[in-house]
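Here's the structure we're looking at; comments come further down.
Structure (structure tokens):
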């Protein structure tokens, strides 16, 4: 994890996160069943974007990528934001993803991973007292999430749908 330089657009990969300060933009592609979590402190304009794949790390004995999981990735990103001057009490969240990408298959077969990811993210944020300002979750289409740390605005590109600004 490194601090971005001025005026950059920083890509956040799957099972990764980035934290930066205004005026950078963070972008993550390929949010299917994965969930993108944008956290923002509007006072110091520090933002973080996390791309989680799975809800819970406790079923794995060796977690080498904590950003892969909601339960370990969210606290990790918050710690980094606090090192950059953010305060937990001021953080707000915007969420995207959590789709059911395999609609032709039996839901039990694919274990509702998108829904489970979404629910775990919401539970963790609620427990931490972080208010969710907007969400674009569920459905059956992939999404791209673009987070502008200058304004806190998140733009969602969904395949086959108009842009959504939140």
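Numbering (this note's numbering), first residue to last: 17 to 182.
Note that the Cβ used here is the ideal one computed from N, Cα and C, for glycine as well.
For clarity, every value in this text was computed on a predicted model and none was experimentally measured.
Runs of the beta strand (DSSP E) spanning 3 or more residues and lying entirely within the region 121-170 occur at 147-153 and 159-164, in chain order. By the neighbour-count criterion, in which 16 or more other beta carbons inside 10 Å mark a residue as buried, residue 163 falls on the buried side.
Distances from the alpha-carbon of residue 71 to those of 93, 133 and 181 put 133 closest. Per DSSP, residue 41 lies in no alpha helix (DSSP H) segment; the continuous beta strand (DSSP E) that holds it begins and ends at 41-47.
Comparing alpha carbon positions, the residue from 47, 108, 182 and 79 closest to residue 30 is 47. A buried status is given to residue 138, since no fewer than 16 other beta-carbon atoms sit within 10 Å of its beta-carbon. The Cβ-Cβ distance between residue 165 and residue 101 does not fall below 8 Å. Only buried fits residue 57, as 16 or more other CB atoms lie within 10 angstroms of its CB.
DSSP, read as helix, strand or coil, puts residue 111 in strand.
Within the same chain, 157 and 159 come within 6 Å of residue 174 by CB-CB distance, once the 5 residues on both sides are set aside.
Contact check for residue 84 against residue 170 fails: the beta carbons are separated by 8 Å or more. Restricting attention to 168, 179, 25 and 36, the CA atom closest to the CA of residue 99 is found in 36. Annotation: residue 87 to residue 68 spans about 9 Å, alpha carbon to alpha carbon.
Beta-bridge partners of residue 95 (DSSP): none assigned.
Taking 3 residues as the minimum length, the beta strand (DSSP E) runs contained wholly in the region 52-81 are 62-68, in order along the chain. Here residue 177 is exposed: its Cβ has fewer than 16 other Cβ atoms, across all protein chains shown, within 10 Å. Counting of Cβ neighbours within 10 angstroms places residue 61 among the buried residues, the total reaching 16 or more.
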